[in-house]
Amino acid sequence: MQVPLLDLKAQYATIKDEVLAAVSEVLETQRCIGGPKVAELEQKIAAVSDCKFAVGASSGTDAILNSLMSLDIGCGDEVITTPFTFFATIGCIARAGAKPVFVDIDPKTYNINPELIEAAVTEKTKAILPVHLYGQMADMDAIVASAKKHNLAVIEDAAQSISSTYKGKKAGSCGTVGCFSFFPSKNLGGIGDGGMVVTNNEELYERLLIMRNHGSQPKYYHKYVGGNFRLDPIQAAALLVKLPHLDDWSAARRKNAAYYNEKFAQTPVQTPFISPDCVSIYNQYIVRVPKRDELVAHLQSKNIGCEIYYPVTMHLQECFASLGYKQGDFPESEKAAKEVMALPIYPELTDEMKDFVAETILEKIN
């Protein structure tokens, strides 16, 4: 049996005709930049996120970059964030000209530990950038409280957590802005790159709109230096087909997670901890195991897909050496990087496939 980490073909087979028709509609109109599909998706993502406004972006990365630029965060500024994340989170801070300032993670949720934020605030701090990792939101009450105390913006990196909740609040709605990715592997994935920024701040919304189009307002007049951060209408069309399925797909992932949780109970496999304040969408199903790399090799030998998210923390990446961090500075992040791995969790997994994954793991570790 072969069990991929993710099977997008299985998902596509269920909506193929609708996607083709939606994409064809865009091609027939030849509205290949902007247009009604982008506007419709923005309205619907804002509604899904309990926000007033949404601005499409060319990727989740550009959603973060546009947010930083629109908030005037740049050279000389500091942004507090986590070292345990995908590169784009930190890369955007650096590209904006600001300095990422790391604090360690909560070892149970893998999200930024809000108790450590206060000590990292300086007169140069302009924002806190929490990451809602693996589909579960960070402890937003504590983060927002710290931000209000020091008059800081909160940029939610919700790339992996669209429609997840914290105390009933949707991802993206708690901070100043929320940033989503529509990379194909996400719960709501496009047929290429795409992203979205959501906010409840109308003034910031207007700035985001201007900045995503080279800072031009009106056309050919530039008060700001922006970027080309526009969402492709073909991506918007495909995402509009997928959006009505998002809740069902996320529920199916939770069901698969519950299956794994039961199978791995009372074993050395540490299953995900989901805070009682949160509803996760399980963009990844992350376990911690002893001798992780040996288990990864074993699963791969059995044609079972798995992945390490993430093997090297950001403070130890070569390109950020100038920040001056060293091994041991963030022990919980470094420990997680050595122990975590993702298992197949996508909605189309069959019972037989899940059984095969669980049994293969248990035979190796028991």
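The numbering of the sequence shown is this note's numbering, which starts it at 669 and goes up by one.
Backbone N, C-alpha and C fix where the C-beta goes; we use that ideal spot for every residue, glycine too.
Keep in mind the model is a prediction, meaning the values are calculated, not measured.
Cutoff 6 Å; reference residue i; Cβ partners in own chain excluding five residues on either side
i	result
Lys838	Ser717 and Asp718
Ser692	none
Ile761	Val747 and Pro768
Ala821	Leu739, Ala795 and Thr844
Candidates the options, of which the one nearest residue i by Cα
i	options	result
Val1008	Ser943, Ser969, Glu1020 and Val937	Val937
Arg875	Tyr680, Cys700 and Val723	Val723
Asp945	Gln804, Ile683, Pro751 and Pro768	Gln804
Thr844	Asp745, Phe932, Lys794 and Tyr978	Lys794
Tyr802	Val980, Ala1005, Val687 and Tyr953	Tyr953
Ser726	Ala904, Leu820 and Leu991	Ala904
Gln985	Lys776, Pro751 and Val771	Pro751
Asn819	Thr790, Phe897 and Tyr1014	Thr790
Leu991	Gly759, Lys1022, Pro704 and Gln934	Gly759
Residue i classed as buried or exposed, judged by whether at least 16 other C-beta atoms fall within 10 angstroms
i	result
Asp730	buried
Asp961	exposed
Glu746	buried
Ile701	exposed
Gly863	buried
Met669	exposed
Gly742	exposed
Tyr888	exposed
Cys987	exposed
7 Å Cβ cutoff, residue i in contact with chain D
i	result
Lys817	As a matter of chain content, chain D is missing from the structure shown, which is built from one protein chain.
Residue span of the beta strand (DSSP E) that contains residue i, given as start and end
i	result
Ala722	Phe721 to Ala725
Val747	Glu746 to Thr749
Val955	Tyr953 to Arg956
Phe770	Lys767 to Phe770
For residue i, the first and last residue of its enclosing alpha helix (DSSP H)
i	result
Val846	The sequence as given places Gly at residue 846; Val does not occur at that position. Element bounds for Gly846: not the alpha helix (DSSP H) but the beta strand (DSSP E), Val845 to Ser849.
Lys1003	Pro999 to Glu1007
Lys1022	Asp1019 to Ile1033
Gln934	Counting along the chain, Gln934 falls outside any alpha helix (DSSP H), and DSSP gives it neither H nor E.
Phe754	Unbroken run through Phe754: none, as it is neither H nor E.
His983	Element bounds for His983: n/a, residue is neither H nor E.
Lys712	Pro704 to Val716
Asn734	Gly728 to Ser738
Glu693	Leu676 to Thr697
Leu963	Arg960 to Ser969
Proximal residues to residue i (C-beta, below 8 Å), its chain only, five neighbours per side dropped
i	result
Ile683	Val909, Lys910 and His913
Beta-carbon contacts of residue i that lie in its chain and below 7 Å, excluding the five residues immediately before and after
i	result
Asn929	Thr939
Tyr873	Phe721, Val723 and Thr867
Leu1030	Thr935
Mind listing, in chain order, the continuous beta strand (DSSP E) runs of no fewer than 3 residues lying wholly within the region 779-834? 793-797 and 821-825
Which runs of the alpha helix (DSSP H) at least 4 residues long sit entirely within the region 853-916? Give them in chain order. 870-879 and 901-910
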